[in-house]
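Peer 1: Chains as they are written, first to last, in my numbering: chain A, 1 to 164; chain V, 165 to 328.
2 protein chains.
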Amino acid sequence: MRYRRADIVDRAIDALDAHGLAALSMRTLAAELDVRASALYHHFDNKAALLAAVADEILRRGRRATEIVAWEAELRLTCVELRDGMRAHRDGAALVTAVYDAGGVREPQERMADALRRGGAGDDLARVGARTLLRFVLSHVHDDSADFALGLGIVLAGLGTRVP
Amino acid sequence: MRYRRADIVDRAIDALDAHGLAALSMRTLAAELDVRASALYHHFDNKAALLAAVADEILRRGRRATEIVAWEAELRLTCVELRDGMRAHRDGAALVTAVYDAGGVREPQERMADALRRGGAGDDLARVGARTLLRFVLSHVHDDSADFALGLGIVLAGLGTRVP
DNA sequence: ACCTGAACACCGTTCAAGT
DNA sequence: ACCTGAACACCGTTCAAGT
């Protein structure tokens, strides 16, 4: 069989759902594709690059069409969308967090910073607020939904005391 | 040489400072102690147990005597202490986060929940607020101090809108 | 363009045996 | 009580060679 990058990413997401992140090695993924591990290096520089592509695809699939609403509602919706996207796959949060920590998946954070600026926040507040929200989501993915909503409300209320 | 658990934990912290978490394998640590890797399994069940002991020791060393103060100041101090403890060692944050995610190092979170309850928060708010703060600290360890203080102020202000 | 085969330099963990 | 020696079943990555 001959594959393209997208085929490998698709299969990696399947493997993630089936066996989890700890079991997603270059060798096991290659075996699922009935190929040697070394073949994957034709498509990706290394494992980190492969995981980054997988994280991007997971978040892309989780994204819904977003209407322009009041900044707080938009931020809340973005956070819920992110959480849902990650929860749709086994170890999705662990994977996205690893890639985020390595400098990837910056788009959601920029989207939230834009929303804050549209709401009247200055550059520093928009930047720090967006990062705080993004990290809140990453670290609370596995809380139950009530706790997540309560914690998110706390952070948004804190932002509300500082956005005009 | 014959060692005790504490000797191994001390050497692991030295190795962490010198070479980082990624380089801290059972084999490299054993080599620094001039011992085989298998000897470490006499002292710890597995690598996760060893890392948990290292994380506890890092946080214990980072803890300063805390006076009883107003709940917000106490929370702020606790967060700064945690951050300082982790920043004192290379990959300290990555290590403590890994252990926290595995269910370890619950004491700081309990301390913050107590502070919130003393401040008048209900059980749910104390629990979620403490977790939100703990995770804020874990995920902002490497921000510069101004950004950390600003973000922490946001979360504390949010709590302030809910604690009587 | 995409893949194989073989190798290199590692891992965590187990366990009988030594002192 | 603490450690060795040897093994088992893995890793990520490289690279010449094949089609």
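We put the beta carbon where it would ideally sit given N, CA and C, even for glycine.
Here the structure is a predicted model, which means the values were calculated and not measured.
Of all the CB atoms in chain A, is at least one closer than 9 Å to the CB of Leu-259 (chain V)?
Peer 2: Chain A, which has no Cβ nearer than 9 Å to the Cβ of Leu-259 (chain V), makes this no.
Peer 1: Report the residue from A:Asp-10, A:His-89, A:Ala-126 whose alpha carbon sits nearest the alpha carbon of Leu-75 (chain A).
Peer 2: Closest option to Leu-75 (chain A), Cα to Cα, is A:Ala-126.
Peer 1: Shorter than 9 Å from the beta carbon of Arg-135 (chain A) to some beta carbon of chain V?
Peer 2: True, the Cβ-Cβ gap to chain V drops below 9 Å.
Peer 1: Could you tell me the alpha carbon to alpha carbon distance between Arg-282 (chain V) and Met-276 (chain V), rounded to whole angstroms?
Peer 2: Answer to the nearest angstrom: the Cα atoms are 10 Å apart.
Peer 1: Quick test of the definition: if touching needs 3 or more C-beta pairs under 8 Å, does the segment 93-107 of chain A touch the segment 167-185 of chain V?
Peer 2: No, the segment 93-107 of chain A is not in contact with the segment 167-185 of chain V.
Peer 1: Are the segment 289-306 of chain V and the segment 131-143 of chain A touching, with three or more C-beta to C-beta distances below 8 Å?
Peer 2: The segment 289-306 of chain V, when compared against the segment 131-143 of chain A, does touch it at the 8 Å Cβ threshold.
Peer 1: Should His-206 (chain V) go down as buried or exposed, given a rule of 16 or more other Cβ atoms within 10 Å for buried?
Peer 2: Exposed is the call here.
Peer 1: Rounded to the nearest angstrom, what separates Glu-57 (chain A) and Asp-171 (chain V) at their Cα positions?
Peer 2: Spanning the two alpha carbons is a distance of roughly 46 Å.
Peer 1: Three-state secondary structure (DSSP) at Val-105 (chain A)?
Peer 2: Correct three-state label for Val-105 (chain A): coil.
Peer 1: Which residues of the segment 309-323 of chain V have a Cβ closer than 7 Å to any Cβ of chain A? Give them in chain order.
Peer 2: Those would be Asp-311, Leu-314, Gly-315, Ile-318, Val-319, Ala-321, Gly-322, Leu-323, in chain order.
Peer 1: So, using beta-carbon positions, are Val-9 (chain A) and Ala-39 (chain A) closer together than 9 Å?
Peer 2: In this structure, Ala-39 (chain A) does not lie closer than 9 Å to Val-9 (chain A) by Cβ.
Peer 1: What does the alpha-carbon distance come out to for the pair Ala-37 (chain A) and Ala-212 (chain V)?
Peer 2: For Ala-37 (chain A) and Ala-212 (chain V), the distance between alpha carbons rounds to 28 Å.
Peer 1: Can you give the Cα-Cα distance for Thr-192 (chain V) and Asp-209 (chain V), rounded to whole angstroms?
Peer 2: For Thr-192 (chain V) and Asp-209 (chain V), the distance between alpha carbons rounds to 17 Å.
Peer 1: Taking 9 Å as the threshold (beta carbon to beta carbon), is Arg-87 (chain A) in contact with chain V?
Peer 2: No - not a single Cβ of chain V is within 9 Å of the one on Arg-87 (chain A).
Peer 1: Going along the chain, which residues of its own chain have a beta-carbon closer than 6 Å to the beta-carbon of Arg-169 (chain V), five neighbours each way excluded?
Peer 2: These residues qualify, in order along the chain: His-207.
Peer 1: Please report whether the beta-carbon of Ala-65 (chain A) lies at a distance below 9 Å from any beta-carbon of chain V.
Peer 2: Low local confidence applies: a pLDDT of 37 at Ala-65 (chain A) is under 50, so the model's placement there is unreliable, and no value is given.
Peer 1: Name the residues in the segment 268-294 of chain V whose C-beta lies less than 9 Å from a C-beta of chain A; which are they?
Peer 2: Under the 9 Å Cβ criterion, the segment 268-294 of chain V contributes Asp-288, Leu-289, Arg-291, Val-292, Gly-293.
Peer 1: Could one say the Cβ of Thr-132 (chain A) lies closer than 9 Å to chain V's Cβ atoms, at least one of them?
Peer 2: Chain V contact via Cβ: present.
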